[in-house]
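Numbering (full-length UniProt numbering), first residue to last: 1 to 303.
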């Protein structure tokens, strides 16, 4: 692609990684699976610390070709732990999880332990093992995640995210869309607030916490925030947004079992009237039946 700058290559690869996660994890990623992945990551790090601790007690041969040193391997595992924590925190920071005291407590507990682990690895000491083996932070983090997976009865933890396509329309080209964005992570853009009586508010389908995936068939995952705002401002009258929505209080999740994202569309059931040709016994009443939402409703009507 004729990209000579290393920063441009890294941005492109990071955007592709975000897009792959969206395509492959949309139908399976939920709060329970994220907590389970974080728990597994903690146990892997515990096992690595035990292996390194036992290896330091005995002489070991030289490293094989392609084998990482113990310090580099532990730093890599801690980096993956931080990445998994960012994913689960991004769920907990949105509605309806951020308005529930149980999930707020879970979020604060996970964040507190992970931040302590990362700070201990960045204190300048050359021996990570000495900083981590004498504490029970990983054990505590595993217990917190396992408690959510095993004991939580809330159905929200097993509901996945879904994509929804919405259309916005402005009456005047100089009006604003009424959407404020924030990018807590690079390349990921959330709707932080919606102005009252704006096109986004009048649409009725845009909520705070929604992630913008596309704007008029243009994928904006991995973009800089200023570039996304510039593209949105360039739309004069109409804009089609694809939003990634998280579980709601009602079970209205659209899942796709074909491996492709499925857009949530409104399905309106119309009432059907059918008139049956039969008369009642003596009062000349013609029964008329209505079929609404899969149920038959019959009542007599005077002839």
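Glycine is no exception: its CB is placed at the ideal position from the N, C-alpha and C atoms.
Exercise. On the three-state DSSP scale, how would you describe residue 248?
Worked result: It is coil, neither helix nor strand.
Problem set entry | 8 angstroms Cβ cutoff met for residue 246 and residue 94 | Result yes, Cβ atoms of residue 246 and residue 94 sit closer than 8 angstroms.
Problem set entry | Spatial neighbours of residue 144 in its chain, beta-carbon cut-off 8 angstroms, leaving aside the 5 residues before and after | Counting only Cβ-Cβ distances below 8 angstroms, and skipping sequence neighbours, we find 106, 109, 110 and 113.
Problem set entry | Residue burial classification, residue 217 (beta-carbon count within 10 angstroms, cutoff 16) | With a threshold of 16 other beta carbon atoms within 10 Å, residue 217 falls short and is exposed.
For this session: Jot down the residue ranges of each uninterrupted alpha helix (DSSP H) in the stretch 153 to 238, minimum 4 residues, whole runs only, in chain order.
Result: Qualifying alpha helix (DSSP H) stretches, in chain order: 199 to 203 and 225 to 233.
Exercise. Cα separation between residue 116 and residue 200?
Worked result: Roughly 40 angstroms between the two C-alpha positions.
Exercise. Measuring CB to CB, does residue 208 end up less than 8 angstroms from residue 234?
Worked result: No; because the gap between Cβ atoms is not below 8 angstroms, this pair is not in contact.
Problem set entry | the stretch 155 to 170 in contact with the stretch 182 to 196 per 3-pair CB rule at 8 angstroms | The stretch 155 to 170 makes no contact with the stretch 182 to 196, as fewer than three CB pairs between them are under 8 angstroms.
Exercise. When you compare only the Cα positions, how much space is there between residue 31 and residue 210?
Worked result: One Cα belongs to residue 31, the other to residue 210, and the distance between them is close to 16 angstroms.
For this session: With distances taken Cα to Cα, identify the nearest neighbour of residue 214 among 229, 202 and 99.
Result: Among 229, 202 and 99, the Cα nearest to that of residue 214 is on 229.
Exercise. Just the Cα atoms here: how many angstroms apart are residue 220 and residue 164?
Worked result: Spanning the alpha carbons of residue 220 and residue 164 requires a straight line of approximately 15 angstroms.
For this session: Would you mind giving the Cβ-Cβ distance between residue 146 and residue 39, rounded to the nearest angstrom? I have them listed as a contact below 8 angstroms.
Result: Confirmed, about 6 angstroms.
Exercise. Going by the CB atoms, is the gap between residue 45 and residue 89 shorter than 8 angstroms?
Worked result: No, the pair does not count as a contact, with Cβ atoms beyond the cut-off.
Exercise. Would residue 168 pass as a contact of residue 239 if the rule is Cβ separation under 8 angstroms?
Worked result: Judged by their CB atoms, residue 168 and residue 239 are nearer to each other than the 8 angstroms cut-off.
Exercise. Does DSSP put residue 26 in a helix, a strand or coil?
Worked result: Residue 26 falls in the coil class under three-state DSSP.
Exercise. What's the call for residue 8, buried or exposed, on a 16-neighbour Cβ count within 10 Å?
Worked result: It is exposed - the Cβ of residue 8 has fewer than 16 other Cβ atoms within 10 Å.
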